Amino acid sequence: MPPPTNVFFDIGGVLGTNGWDTEQRASAAAEFGLDSEFDARHREIAGDWELGRLTVDEYLDIAVFYEPRPFSREAFYGWMKDQSRPFEASVQLARRVAERGRVSLFTLNNESAELNQHRIDTFGLADIFAAFFSSCWLGVRKPTPRIYTVALAAAQASPAQSLLIDDRAQNLGPAAARGMRTILYRDPAQLEEALVSEGLL
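In terms of this note's numbering, the sequence shown has 330 at position 38, counting the first letter as 1, and numbering is strictly consecutive.
1. Leaving out five residues before and five after PRO508 in sequence, what residues of the same chain have Cβ atoms less than 7 Å from its Cβ?
2. Classify SER319: buried if its beta carbon has 16 or more other beta carbons within 10 angstroms, exposed otherwise.
3. At which residues does the beta strand (DSSP E) containing LEU476 begin and terminate?
4. Could you tell me if PHE301 is buried or exposed, where buried requires 16 or more neighbouring beta carbons within 10 angstroms of its beta carbon?
5. Count the CB pairs spanning the segment 302-318 and the segment 370-389 that are closer than 8 Å, and state whether there are at least three.
6. What does the Cβ neighbour count give for SER364, buried or exposed, with the cut at 16 atoms within 10 Å?
7. For ASP374, report the span of its beta strand (DSSP E) as first-last.
8. Using only CA atoms, which one of THR347, MET372, PHE330 lies nearest to GLU359?
9. Drop a sphere of 10 angstroms on the beta-carbon of ASP327, count the other beta-carbons inside from all chains shown, and report buried for 16 or more, exposed for fewer.
10. Spell out the partners DSSP gives ASN401 in its beta bridges.
11. With ASP331 as the anchor, note down where its alpha helix (DSSP H) starts and where it stops.
12. May I ask which residues mark the beginning and end of the alpha helix (DSSP H) holding PHE324?
13. Is DSSP giving ASN310 helix, strand or coil here?
14. So who's on the other strand from SER454, going by DSSP bridges?
15. In the DSSP assignment, what residue or residues form a beta bridge with SER396?
16. Starting from PRO378, trace the alpha helix (DSSP H) in both directions and tell me its first and last residue.
17. Taking 8 Å as the threshold (C-beta atoms), are CYS428 and GLU336 in contact?
18. Smallest Cα separation from ALA443: which of ILE412, ASN402, HIS410, ALA418?
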């Protein structure tokens, strides 16, 4: 089978830490002294935030600053952004694939708009990927089947010539059902071996 011509990378869990997942929220609760109400409020609105229906200020109004706090909005949001850290080895693998000039690279991820842009900027992804297919801009989230259909159409990519790399099996199933190749990410060494097997490195 010839190498794929389009490669879609997840960001959180593959190219870097998760942006605002369970681990990050638990750390925030400990750091800022938030009780269980914070996580309950988050869960009620997280979907809308990742679908681009709420701004970060609206999210913070509902999830955190619904009552007076001894810390500022700027301090909390700054701390949120600081939780995003790149996996340098994975980013370099994506860069190596891009530098060969044989495939088009995209991201396909669930993320709120502000954190998504922050991560694109701080991870240095803009010079690696041709486009960013994120839930906040597409209005649909993985593993909803439509996100794969929309991303493939926007990229003008044939499913049979496309590869998705994700750290969550539930996100790979709908892609495989559409004929895409998939890699379940575990660590950079395993990813490098898989990319070599696909003829991309």
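Built from N, CA and C at the ideal position, the CB exists for glycine as well.
These figures come from a predicted structure and were not determined experimentally.
The structure says:
1. The structure shown does not extend to residue 508, since the chain spans only 293 to 493, so no value can be given for it.
2. The count along the sequence shown starts at 1 and reaches residue 319 at position 27. Its Cβ having fewer than 16 others within 10 Å, SER319 is exposed.
3. If you number the sequence shown from 1, residue 476 lands on position 184. Per DSSP, the unbroken beta strand (DSSP E) holding LEU476 starts and ends at 473-476.
4. For the purposes of this step, residue 301 is taken as residue 9 along the sequence shown, with counting starting at 1. Buried, since its Cβ has 16 or more Cβ neighbours within 10 Å.
5. Yes, since at least three Cβ pairs between the segment 302-318 and the segment 370-389 fall closer than 8 Å, the two stretches touch.
6. Within the sequence shown, numbered from 1, the residue matching residue 364 stands at position 72. Looking at its Cβ environment, which holds fewer than 16 other Cβ atoms inside 10 Å, SER364 is exposed.
7. Taking the first residue of the sequence shown as 1, we reach residue 374 at position 82. Here ASP374 belongs to no beta strand (DSSP E); instead the alpha helix (DSSP H) covers 365-374.
8. Here residue 359 corresponds to residue number 67 of the sequence shown, with the count starting at 1. Per the Cα distances, PHE330.
9. In the sequence shown, the residue the question calls residue 327 occupies position 35. That one is exposed.
10. Here residue 401 is taken as the residue at index 109 of the sequence shown, counted from 1. ASN401 is bridged by DSSP to SER426.
11. Working through the sequence shown from its first residue, we reach residue 331 at position 39. 328-342 is the extent of the alpha helix (DSSP H) around ASP331.
12. For the purposes of this step, residue 324 is identified with residue 32 of the sequence shown, where counting begins at 1. Element bounds for PHE324: 314-324.
13. Here residue 310 refers to the residue found at position 18 of the sequence shown. In the three-state scheme derived from DSSP, where H, G and I count as helix and E and B as strand, ASN310 is classed as coil.
14. On the sequence shown, residue 454 is found 162 positions in, with the first residue counted as 1. Partner(s): ASN298.
15. Within the sequence shown, residue 396 is the residue found at index 104, counting from 1. Bridge partners of SER396: ASN298.
16. As a position in the sequence shown, residue 378 is number 86, starting the count at 1. Taken as a continuous stretch (DSSP letters only), PRO378 belongs to no alpha helix (DSSP H), as it is neither H nor E.
17. As a position in the sequence shown, residue 336 is number 44, starting the count at 1. As a position in the sequence shown, residue 428 is number 136, starting the count at 1. CYS428 is positioned such that its CB atom lies no closer than 8 Å to that of GLU336.
18. Working through the sequence shown from its first residue, we reach residue 443 at position 151. Comparing Cα positions, the closest option is ASN402.
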